[in-house]
């Protein structure tokens, strides 16, 4: 679904949603101009992005804030329930597992995997950590569709392949390496060092 | 510097760099077509992005791989030396502190800060962790220009303000909240939950 929106616009929808949720409760209407100013963006761009959702703004009044939040939440599947799993329970995997913000987007991180026996068979942040050999049983049992890779670069592709074989359709990859995936599987890459380098070259 | 490149192009430069570095040593020339195919991108876009660097491709031969890597490294300031600091030594802060990939981009994560006395006064991954009250002395002493915020949302703006007052010019924010910064300070936001939500809505 939602295939018609450019990824660059899609990426901004959570930013709008967070901003709208941060507004005082008694703020009933919000204009695209207000949103644009608060987020340091152009007003035309804001209107264009929001037009991908079902929200309808009214001239000289703006959007009904509650309606706009609902429209964004619908678009981002916040009211659904999708399961995610994590591979790699080093410091980063633990951070992701302990992070509480996923439920706002209708996502439950339900299990984690590692190949180190010292890290498996326990719970971290209340979530079970399994040996990677149990991936097929657990991922299929959950019907999990999302995975977060927090493994070293050398393992990223093989873990991705394993997960894809178990039905994972979306992969968030923190390993500093590109992942190949077949059509129908979406991969997003977060390279922390590259992000800092991008900042550095903007100074 | 490098103000003329669109951020969207700049974001792809580390991807090209990583790909080029992953090629076999005896691969001397690379064409934009090869890069485009390997990364699943359009060839025109690759050529346009690379044109922002000093690299010059030759018709029917492509780019000299070594020259192209150097041009990308120059553009991304990989051969410089910039210092970064981290705020918040929870699981995520530890993961960032322990990550070795920054040096590839000429960045040294040199110190970390927390406000929890149980976490400060020690070294993590060989880097000193100071009380946040020492930020001014340490950040100015290092001449650090980059900061990574791994603090809870409620602290992010005040820590950002503190760092900016100490001379920080680029902030990578992992806290799930928008940071306001004055002109001349660049902020990039990595919202892990939002990234997973974006993936989820693309399925």
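Chains as they are written, first to last, in the numbering used here: chain A, 345 to 547; chain B, 345 to 547.
All C-beta atoms in this analysis are idealised placements derived from N, C-alpha and C, irrespective of residue type, glycine included.
Query raised in the report: What are the uninterrupted segments assigned as alpha helix (DSSP H) that are 4 or more residues long and contained completely in the region 400–425 of chain B, given in chain order?
Result: Listed in chain order, the complete alpha helix (DSSP H) runs (minimum 4 residues) inside the region 400–425 of chain B are 409–419.
Report task. Could you tell me whether any Cβ in chain A is nearer than 8 Å to the Cβ of residue 358 (chain B)? Result -> With 8 Å as the cut-off, residue 358 (chain B) counts as an interface residue toward chain A.
Requested in this report: Name the one or two DSSP bridge partners that residue 428 (chain B) has.
Outcome: Assignment of beta-bridge partners to residue 428 (chain B) by DSSP yields B:453, B:490.
Query raised in the report: Using the beta-carbon count (16 or more within 10 Å), is residue 447 (chain A) buried or exposed?
Result: Exposed is the label assigned to residue 447 (chain A), since fewer than 16 other Cβ atoms lie within 10 Å of its Cβ.
Query - 6 Å Cβ shell around residue 421 (chain A) - same chain, five flanking residues per side excluded - result: Contacts found: 450.
Query raised in the report: Listed from N- to C-terminal order along the chain, which residues in the region 416–431 of chain A have their beta-carbon within a distance smaller than 9 Å of any beta-carbon of chain B?
Result: Taking 9 Å as the Cβ-Cβ cut-off against chain B, the residues of the region 416–431 of chain A that qualify are 419, 420, 421, 422, 424, 426, 428.
Query raised in the report: How big is the Cα-Cα spacing for residue 489 (chain B) and residue 530 (chain B)?
Result: A straight line joining the alpha-carbon of residue 489 (chain B) with that of residue 530 (chain B) spans about 11 Å.
Query - Test item: CB-CB of residue 435 (chain B) and residue 439 (chain A) under 8 Å - result: Going by C-beta atoms, residue 435 (chain B) is nearer than 8 Å to residue 439 (chain A).
**Report entry** Nearest-angstrom beta carbon gap, residue 361 (chain B) and residue 409 (chain B) [assumed within contact, 8 Å]
**Finding:** Actually they do not touch by this definition, with Cβ atoms about 11 Å apart.
Query raised in the report: Among A:524, A:433, A:545, A:493, which has the Cα closest to the Cα of residue 462 (chain A)?
Result: Minimum Cα distance to residue 462 (chain A) is reached at A:433.
Query raised in the report: In chain order, what residues of the region 447–468 of chain B put their CB closer than 8 Å to some CB of chain A?
Result: So the close ones are 448, 449, 450, 451.
Report task. Please name the residue in A:386, A:373, A:453, A:501 whose C-alpha comes closest to that of residue 403 (chain A). Result -> Ranking A:386, A:373, A:453, A:501 by Cα distance to residue 403 (chain A) puts A:373 first.
**Report entry** Separation of residue 544 (chain B) from residue 541 (chain A), as counted between CA atoms
**Finding:** The alpha-carbon atoms of residue 541 (chain A) and residue 544 (chain B) are separated by roughly 27 Å.
Query raised in the report: Should residue 355 (chain A) be flagged as near chain B, meaning a C-beta pair shorter than 8 Å?
Result: At least one chain B Cβ lies under 8 Å of residue 355 (chain A).
Query raised in the report: By Cβ distance, which residues of its chain are closer than 7 Å to residue 345 (chain A), with the 5 residues on each side in sequence left out?
Result: Confidence in residue 345 (chain A) is poor, its pLDDT being 44 and thus under 50, which makes the residue's placement unreliable; the coordinate value appears in the next sentence. Taking C-beta separations shorter than 7 Å and ignoring five residues to either side along the sequence, residue 345 (chain A) has no partners in its chain.
Query raised in the report: What is the C-beta distance between residue 387 (chain A) and residue 380 (chain A), in whole angstroms, given that I count them as a contact (C-beta under 8 Å)?
Result: Going by Cβ atoms, the distance from residue 387 (chain A) to residue 380 (chain A) rounds to 4 Å, so yes, they are a contact pair.
Report task. Output yes or no for whether 8 Å exceeds the beta carbon distance between residue 519 (chain B) and residue 445 (chain A). Result -> No; because the gap between Cβ atoms is not below 8 Å, this pair is not in contact.
Query raised in the report: Is residue 434 (chain A) helix, strand or coil by DSSP?
Result: In this structure, residue 434 (chain A) counts as coil in the three-state DSSP scheme.
Query raised in the report: Is it right to say residue 401 (chain B) is buried, meaning 16 or more other beta carbons lie within 10 angstroms of its own, or is it exposed?
Result: Residue environment analysis places residue 401 (chain B) among the buried positions, since at least 16 neighbouring C-beta atoms fall within 10 angstroms of its C-beta.
Report task. Please classify residue 351 (chain A): is it buried, with 16 or more other beta-carbons within 10 angstroms of its beta-carbon, or exposed? Result -> Under this definition residue 351 (chain A) is an exposed residue.
Query raised in the report: Which runs of the beta strand (DSSP E) fall wholly inside the region 494–521 of chain A and span at least 3 residues, in chain order?
Result: 514–517, all fully within the region 494–521 of chain A.
Query - Three-way DSSP call (helix, strand, coil) for residue 348 (chain B) in this model - result: Under the three-state reduction of DSSP output, residue 348 (chain B) falls in the coil class, being neither helix nor strand.
Report task. Give the single residue among A:539, A:377, A:491 whose Cα lies nearest to the Cα of residue 517 (chain A). Result -> Nearest C-alpha to residue 517 (chain A): A:491.
**Report entry** Neighbourhood of residue 348 (chain A) by C-beta distance below 8 Å, restricted to the same chain and skipping five residues each side
**Finding:** Closer than 8 Å at the Cβ level, and outside the excluded window around residue 348 (chain A), lie 396.
Query - residue 463 (chain A): first and last residue of the uninterrupted beta strand (DSSP E) it sits in - result: Unbroken run through residue 463 (chain A): none, as it is neither H nor E.
Query - Residues sharing a beta bridge with residue 532 (chain B), DSSP - result: Under DSSP, residue 532 (chain B) shares a beta bridge with B:516.
Query - Within-8 Å CB hit, residue 412 (chain A) to chain B - result: Chain B, which has no Cβ nearer than 8 Å to the Cβ of residue 412 (chain A), makes this no.
**Report entry** residue 405 (chain B) burial status per 10 Å Cβ neighbour count (16 or more: buried)
**Finding:** Label assigned to residue 405 (chain B): exposed.
**Report entry** residue 443 (chain B) in three-state terms, based on DSSP
**Finding:** Under the three-state reduction of DSSP output, residue 443 (chain B) falls in the coil class, being neither helix nor strand.
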